[in-house]
Ligand code: MRU
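Numbering (the numbering used here), first residue to last: 59 to 413.
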């Protein structure tokens, strides 16, 4: 059987009849397309923690549907028990990954929907929560398309673009964020030439970004992270586009480890550096990057995980932050679904977040 085009497979879906969260297991890509069907809290927590589903918007959507899946079989007679179970599942899923604010944004939206239905019986609560999860996913699709339009207006046909990690369709409901202008440009004959950093240590660029962009027929070239400077110096990059896990009120932006280095390089070579972020990724309650929690992951991801044999002495100390913060001074603009924010971000972001 031939493998499906990965763009035809949804990263996150929900089977209403079975009450199951369906996840495309991204840890197996690009070699295997396997769907997971989950309906209990620990496997859903593990799927988020282990990056089977990853990317800020996809994590939020998965958590919203995850709540529905876990509560699907809950007794229709026990309202107090249903609300208590909701709280427990929400708390557990919120502990899966700390940096992407979309996870907490989506869980809080689900909580708001539940809290708004004071007298409702359990079946009505289940229906309302599922409607909210569907709305979160549908809104994500609309936001990404709008980000694509705003970002495309900043680019020219034939531009060379560089991206880091995977802020693509696999990380969202559709289009991706940083990749949305690439997909729209592809539809409109822009002939972009994309360079994708492999993105050490978990290789989201190599395994995911070049996979989905090449399946879309976009001209994409894989580079190791330490080749970005060379590619920029050669004059092959006219803009850098990255996604984001959390934007602070002052415009500091946390994204996959290595992003801030790319921004420093872009500044050096005079290349615009754009952060593509739906408003679900903007956390105005977070004053600056120092207040963004940065996830630390297992040393094995650096020492041995991707190799046939370990590539570092056994037990050697390894520091493995999953994200870094790009200083707002290095960011040319933050592209949201509601428009493009430029410095000073403390003034330009609030009207876009609450238009
Ligand atoms: O650890 P990951 O793979 O979840 O990190 C993902 C990123 O850093 C993405 O760039 C970000 O979540 C934006 S996805 C539209």
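We put the beta carbon where it would ideally sit given N, CA and C, even for glycine.
Note that the structure is predicted; figures quoted are calculated from it, not measured.
Simplified DSSP state of residue i, which is helix, strand or coil
{"i": "residue 379", "result": "strand"}
{"i": "residue 251", "result": "strand"}
{"i": "residue 492", "result": "It is not possible to answer for residue 492, since the shown part of the chain is limited to 59 through 413."}
{"i": "residue 233", "result": "coil"}
{"i": "residue 284", "result": "helix"}
{"i": "residue 125", "result": "helix"}
{"i": "residue 306", "result": "strand"}
{"i": "residue 293", "result": "coil"}
{"i": "residue 415", "result": "The displayed coordinates of the chain run from 59 to 413. Any statement about residue 415 would go beyond what the structure contains."}
{"i": "residue 354", "result": "strand"}
{"i": "residue 118", "result": "helix"}
{"i": "residue 349", "result": "helix"}
{"i": "residue 177", "result": "coil"}
{"i": "residue 372", "result": "coil"}
{"i": "residue 61", "result": "coil"}
{"i": "residue 215", "result": "coil"}
Continuous beta strand (DSSP E) stretch holding residue i: start and end
{"i": "residue 394", "result": "391-394"}
{"i": "residue 161", "result": "Unbroken run through residue 161 is the alpha helix (DSSP H), 159-173; no beta strand (DSSP E)."}
{"i": "residue 221", "result": "218-221"}
{"i": "residue 313", "result": "311-314"}
Distance cut-off 7 Å: residue i Cβ against heavy atoms of ligand 1
{"i": "residue 11", "result": "One cannot answer for residue 11 here, as it falls past the ends of the chain, which runs 59 to 413."}
{"i": "residue 275", "result": "no"}
{"i": "residue 158", "result": "yes"}
{"i": "residue 314", "result": "yes"}
{"i": "residue 384", "result": "no"}
{"i": "residue 230", "result": "yes"}
{"i": "residue 302", "result": "yes"}
{"i": "residue 120", "result": "no"}
{"i": "residue 223", "result": "yes"}
{"i": "residue 115", "result": "yes"}
{"i": "residue 112", "result": "yes"}
{"i": "residue 109", "result": "yes"}
{"i": "residue 169", "result": "no"}
{"i": "residue 235", "result": "yes"}
{"i": "residue 262", "result": "yes"}
{"i": "residue 209", "result": "no"}
{"i": "residue 380", "result": "yes"}
Residue span of the alpha helix (DSSP H) that contains residue i, given as start and end
{"i": "residue 404", "result": "403-411"}
{"i": "residue 319", "result": "317-327"}
{"i": "residue 146", "result": "137-152"}
{"i": "residue 188", "result": "180-210"}
{"i": "residue 361", "result": "358-361"}
{"i": "residue 240", "result": "238-245"}
{"i": "residue 90", "result": "Element bounds for residue 90: n/a, residue is neither H nor E."}
{"i": "residue 272", "result": "268-273"}
Sheet register partners of residue i (DSSP bridge)
{"i": "residue 72", "result": "79"}
{"i": "residue 257", "result": "BP columns for residue 257 are empty, so no partner."}
{"i": "residue 400", "result": "Paired residues: none, contrary to the question."}
{"i": "residue 299", "result": "332"}
{"i": "residue 340", "result": "305"}
{"i": "residue 277", "result": "251"}
Beta-carbon proximity list for residue i, same chain, < 6 Å, skipping 5 on both sides
{"i": "residue 327", "result": "290"}
{"i": "residue 184", "result": "none"}
{"i": "residue 398", "result": "208 and 391"}
Cut-off 7 Å between Cβ atoms - residues of its own chain near residue i, not counting five sequence neighbours on either side
{"i": "residue 240", "result": "219, 250, 252, 271 and 276"}
{"i": "residue 144", "result": "125, 129 and 172"}
{"i": "residue 206", "result": "233, 238, 239, 241 and 242"}
{"i": "residue 268", "result": "254, 278 and 280"}
{"i": "residue 341", "result": "159, 304, 305 and 306"}
{"i": "residue 308", "result": "345, 346, 386, 403 and 404"}
{"i": "residue 381", "result": "157, 303, 312, 313, 314, 315, 352 and 353"}
Chain-order list of residues whose beta-carbon lies under 8 Å from that of residue i (same chain, five-residue window excluded)
{"i": "residue 388", "result": "318, 321, 322, 324, 325 and 331"}
{"i": "residue 97", "result": "76, 77, 78, 79, 127, 128, 130 and 131"}
Cutoff 8 Å: residue i Cβ touching any chain D Cβ
{"i": "residue 214", "result": "No chain D is part of this structure, which consists of one protein chain only."}
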